[in-house]
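To convert a position in the sequence shown, counted from 1, into the numbering used here, add 1386. By construction, the Cβ of each residue, glycine as well, lies at the ideal position given by its N, Cα and C atoms.
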Amino acid sequence: MTKRAGKAATLADVARKAGASTAVVSYVMNNGPRPVAPETRERVLAAAAELNYRPNRVARALRSRTTGVVGLILASASNPYFGALARHIEQALDEREKLTLIGNADYSANRQQHLADRFLAAQVDGLVIVSADGAADVAVEARAAGVPTVYVHNAPESPRTGRAFAVTADNDAAVLEAVSHLRTHGHTRIAFLAGPDDAGPVGRRRAAWETALSGTASPLLRCAYSRAAASALTRQLINEDAMPSALITGSDEQAIGVLAAAHAAGVPVPGRLAVVSLDGTPDSAYTAPALTVTEQPLRSMAQQAVDLLLDGTSPRPAAQAGLVLRHSCGCSPAQQSGPVAGARDRR
């Protein structure tokens, strides 16, 4: 029997076409709970393909009490770092046959809480929260409802639950590696460009920098995590003749703003200013000059987060962000590393 035009095929249509029971078709489409003979499985799959059958996700959710959907809350969809991290998380979830529903918090704690509430109302199977500022723990209600939750990049401090678990990179090691490398180029006073405050991973990076350079009177600089803010700060420092000779930036967005302002003012990088950034997003390989970065291990962070979420595996030690040498620190082409010099995984 040919399916009527304009009407979606049903499980019963596939069963009639394949000469099998609806139960057998269900076992094939859901990979269980009972085994199906290989030749029967092939017949059912062929019938489903011919009829363009699509399983009803809502009906399946009602039967299994799962939706096959995981909510992903991003700190900012416009920041390339978080965009790259989201891509790896979505790929890892797709490999586990989970659909990713993405919400953009846009650096708003209220928006982050709103998205968590909406995702829970939609009965997602789990929550992945890429949080930037360490605001209130929005996963308290999820855990109370039995919905597995994992933070990536950063986790909040909660008076009710203590520190929520987060999959992060080893920020201390990344900073120490950046400082050590700049010292090989002869720099002793190495400035650090942090955010407006010390919330989140950049605050921990600033603390590691302070420890590594204690006693050197190296300047601490601050601005928002944007290219425009870093560019404005760099122009001000150049005009005041206060630009340091070496700078570690807390994020690639800031580093790109620094490079743009230095170029506009005729300040050569790395001749007058050496720059190392602590993110390593894909954009960093294509600045002028290309940025030396500590490349955040985004792919492994995403995989560990999904394993924790779906399997409840034990957390592993924080992955290290590897140093990718390019020209902005003063390395010659022979010393540089990585593809363009490197577009690997990131924060």
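Could you pull out every residue in the same chain whose Cβ sits closer than 6 Å to the Cβ of residue i, ignoring the five residues on either side in sequence?
i, result
"Pro1534", "Gly1512, Leu1695"
"His1713", "Pro1675, Ala1676"
"Ala1564", "Ile1634, Val1662, Thr1680"
"Ala1688", "His1474, Ile1475, Ala1478"
"Pro1719", "none"
"Arg1730", "Confidence at Arg1730 is low in this model, with a pLDDT of 39, below 50, so its placement is unreliable and the value that follows should be read with caution. The answer, listed in chain order, is Glu1681."
"Pro1424", "none"
Do residue i and residue j have their C-beta atoms closer together than 7 Å?
i, j, result
"Val1327", "Lys1484", "With the chain running from 1387 to 1733 in the structure shown, residue 1327 is simply not present."
"Arg1590", "Asn1557", "yes"
"Ala1660", "Ala1560", "no"
"Gly1609", "Leu1619", "Reading off the sequence shown, one finds Cys at residue 1609, where the question assumed Gly. In this structure, Leu1619 lies closer than 7 Å to Cys1609 by Cβ."
"Gly1489", "Leu1501", "yes"
"Arg1613", "Gly1643", "yes"
"Phe1578", "Arg1592", "yes"
"Thr1667", "Ala1470", "yes"
"Val1692", "Gly1636", "no"
"Ser1462", "Tyr1493", "yes"
"Val1538", "Val1516", "yes"
"Ile1576", "Ser1604", "yes"
"Ala1632", "His1573", "yes"
"Ala1555", "Gln1682", "yes"
"Tyr1467", "Asp1665", "yes"
"Ala1528", "Leu1562", "no"
"Tyr1611", "Gly1581", "yes"
"Gln1499", "Val1524", "yes"
"Ser1670", "Asp1638", "yes"
"Ser1686", "Ala1704", "no"
In the DSSP assignment, the beta strand (DSSP E) including residue i goes from what residue to what residue?
i, result
"Ser1663", "1660-1663"
"Leu1633", "1632-1635"
Could you name the residues of the same chain whose beta carbon sits closer than 7 Å to that of residue i, not counting the 5 residues immediately before and after it, in chain order?
i, result
"Leu1711", "Thr1678, Cys1717, Gln1721, Gln1722, Ser1723, Ala1727"
"Arg1497", "Ala1491"
"Leu1397", "Thr1408, Val1411, Ser1412"
"Thr1673", "Ile1642, Leu1645"
"Arg1702", "Gln1690"
"Ala1630", "Checking the displayed sequence, the identity of residue 1630 turns out to be Pro instead of Ala. Excluding positions up to five away in sequence, the list reads Arg1575, Ala1577, Pro1605."
"Ala1648", "Thr1620, Val1655, Leu1659"
"Val1444", "With a pLDDT of 48 at Val1444, under the threshold of 50, the modelled position of that residue is not reliable, and the figure given next carries that caveat. Counting only Cβ-Cβ distances below 7 Å, and skipping sequence neighbours, we find nothing."
"Val1653", "Ile1624, Met1629, Leu1659"
"Ala1594", "Asn1557, Asp1558, Val1561, Leu1562"
"Phe1551", "Val1536, Tyr1537, Ala1541, Pro1701"
So, for residue i: in the same chain, excluding its five sequence neighbours on each side, which residues have a beta-carbon less than 8 Å away from its beta-carbon?
i, result
"Gly1548", "Interpretation of Gly1548 is limited by its pLDDT of 44, a score under 50 that renders its predicted location unreliable; the figure taken from the coordinates is listed afterwards. Result list for Gly1548: empty, nothing under 8 Å."
"Leu1437", "Lys1389, Ala1395, Asp1399, Val1400, Lys1403"
"Val1510", "Thr1453, Val1455, Val1456, Gly1457, Leu1487, Val1533"
"Arg1429", "Ala1404, Gly1405, Ala1406"
"Arg1427", "Val1414"
"Ala1531", "Leu1506"
Need the endpoints of the alpha helix (DSSP H) that residue i sits in, please.
i, result
"Ile1642", "1638-1650"
"Val1456", "Unbroken run through Val1456 is the beta strand (DSSP E), 1455-1460; no alpha helix (DSSP H)."
"Gln1432", "Rather than Gln, the amino acid found at residue 1432 in this sequence is Ala. Its alpha helix (DSSP H) spans residues 1424-1436."
"Thr1396", "From DSSP, Thr1396 is part of no alpha helix (DSSP H); its letter is neither H nor E."
"Ala1409", "1408-1415"
Considering only heavy atoms of the ligand SAM, does any lie closer than 6 Å to the CB of residue i?
i, result
"Ala1585", "No copy of the ligand SAM appears in this structure; indeed no ligand is present at all."
Examine chain C for any beta-carbon lying closer than 7 Å to the beta-carbon of residue i, and answer yes or no.
i, result
"Thr1602", "The structure shown contains no chain C; it holds only a single protein chain."
Threshold first: 3 residues or longer. Then list the beta strand (DSSP E) segments lying entirely within the segment 1656-1720, N to C. Restricting attention to beta strand (DSSP E) runs no shorter than 3 residues, the segment 1656-1720 encloses them at 1660-1663, 1678-1681, 1708-1710, ordered along the chain.
What ranges does the alpha helix (DSSP H) occupy inside the segment 1527-1614, keeping only unbroken runs of at least 4 residues that lie completely in it? List check, alpha helix (DSSP H) in window: 1557-1570, 1587-1598.
Whole runs of the alpha helix (DSSP H) within the segment 1462-1535, excluding any shorter than 4 residues: Listed in chain order, the complete alpha helix (DSSP H) runs (minimum 4 residues) inside the segment 1462-1535 are 1466-1481, 1495-1507, 1526-1530.
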